[in-house]
Amino acid sequence: MLNIARSTGNTTTGVHMLQRYKNGYRIRCNRETLMRFTSVDVKPEYRHLFGADGQGIYHSTGFPTIAEGAQALCDFIRTVCGLECHWKP
């Protein structure tokens, strides 16, 4: 099980692939970022989320709290890559 909490590097949220956005947070990633994090490529049926050619950046809708964003990111990774993850800072 992967931990999406980030303990090193430049990050303002402490959560890998979660970005501050307006008055909350959103998921921001591309296939390459997911591949580096999970060692698994995105399932073919979900590549359209990353643009027409599958090489763009995915932006989710906003989440009011970091906990909701982290849970949504875990659900997103489970859906598009098939791997379980959690957020344990």
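Taken in order, the sequence shown gives residues 48 to 136; the numbers are from the working numbering.
All residues carry an ideal CB built from backbone N, CA and C; glycine is no exception.
Note that the coordinates shown come from a computational prediction; the quantities given were computed from them, not determined experimentally.
Asked: Short Cβ contact (8 Å threshold) for Arg-78 with Gly-109; Found: no
Asked: Which of helix, strand or coil DSSP assigns to Ile-124; Found: helix
Asked: Backbone secondary structure at Ala-52 - three-state DSSP; Found: strand
Asked: Residue from Asn-50, Thr-112, Arg-94 with nearest C-alpha to Gln-66; Found: Thr-112
Asked: Coarse secondary structure for Leu-81, derived from DSSP in three states; Found: helix
Asked: Nearest-angstrom Cα separation, counted from Arg-75 out to Leu-49; Found: 18 Å
Asked: When Pro-136, Ile-124, Ala-117, Ala-52 are compared against Leu-96, the one with the closest alpha-carbon; Found: Ile-124
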